[in-house]
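Numbering (this note's numbering), first residue to last: 37 to 246. Glycine included, C-beta positions come from ideal geometry on N, C-alpha and C. Worksheet: the structure to be examined is printed underneath.
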């Protein structure tokens with residue numbers, strides 16, 4: 037069973053690369069600085085994305101799903117069965133939907149790091165970068181980020197040739213580690229408007245009662 041907080045942390049982790057925080061203070065080489073700047077510019081230019089993801093937890097549990105993103109302010113993460121949950125961002129809120137009982141609960145968008153990645157500009161230097169490493173054609177950027185659940189350490193892995201985000205992992209405040217990999221990603225594709233819509237028949241519930 038997927039915890040709903042893990043769903044939100046997963047989304048937060050993916051988009052934490054642009055979360056405002058402490059200015060990065062670790063020393064970077066000129067090559068690292070240029071590559072990080074190019075990664076931000078490359079991802080800023082991607083206006084829509086769609087693809088699949090694989091989530092692996094600390095115990096080896098595997099969950100797959102699909103995602104759709106459109107700038108500004110729209111994203112949808114849909115976990116495959118047996119999970120019945122989705123995360124949707126539309127406008128100023130983030131919503132966790134349960135397709136089984138047709139309910140949802142909401143968080144204000146300004147409490148989730150994802151809000152920054154959904155904007156028009158991505159600047160990794162605005163994040164609290166605590167580590168950078170390169171190996172085997174990939175750059176790993178480690179960020180300490182504040183989320184609704186507490187402090188999370190996020191490691192984002194970028195392909196140094198394509199500049200695309202390939203994988204990310206996060207350590208939750210309770211020490212649990214989750215790893216996410218993206219595949220079959222299509223960029224700058226047309227996404228139906230209905231994908232960023234919450235059915236009016238769904239019932240809102242209080243997050244405190246989830």
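Paired residues, beta bridge with residue i - DSSP
i	result
residue 203	193, 217
residue 142	131
residue 180	189
residue 165	179
residue 208	Residue 208 pairs with nothing; no bridge assigned.
Three-way DSSP call (helix, strand, coil) for residue i in this model
i	result
residue 170	strand
residue 62	coil
residue 238	coil
residue 187	strand
residue 227	coil
residue 75	helix
residue 70	helix
Alpha-carbon to alpha-carbon, residue j and residue i
i	j	result
residue 209	residue 74	31 Å
residue 226	residue 84	7 Å
residue 234	residue 110	12 Å
residue 5	residue 173	There is no way to answer for residue 5, as the model of the chain reaches only from 37 to 246.
residue 199	residue 222	14 Å
residue 178	residue 232	30 Å
residue 201	residue 195	7 Å
residue 168	residue 115	30 Å
residue 186	residue 211	11 Å
residue 166	residue 181	10 Å
residue 158	residue 107	11 Å
residue 54	residue 62	Because residue 54 sits at a pLDDT of 46, beneath the cut-off of 50, its placement in the model cannot be relied upon, and the point is left open.
residue 64	residue 79	21 Å
residue 189	residue 215	12 Å
Beta-carbon proximity list for residue i, same chain, < 8 Å, skipping 5 on both sides
i	result
residue 213	93, 94, 205, 206, 207
residue 220	87, 88
Cut-off 6 Å between Cβ atoms - residues of its own chain near residue i, not counting five sequence neighbours on either side
i	result
residue 170	none
residue 143	130
residue 102	88, 114
residue 72	160
residue 76	158, 159, 160
Residues near residue i in its chain [Cβ-Cβ closer than 7 Å; skip 5 each side]
i	result
residue 238	133, 138, 139, 140
residue 191	176, 178, 204, 205
- Message: Runs of 3 residues minimum, wholly inside the stretch 79-131: which ones carry the beta strand (DSSP E) assignment?
- Response: 84-93, 98-106, 110-115, 121-126
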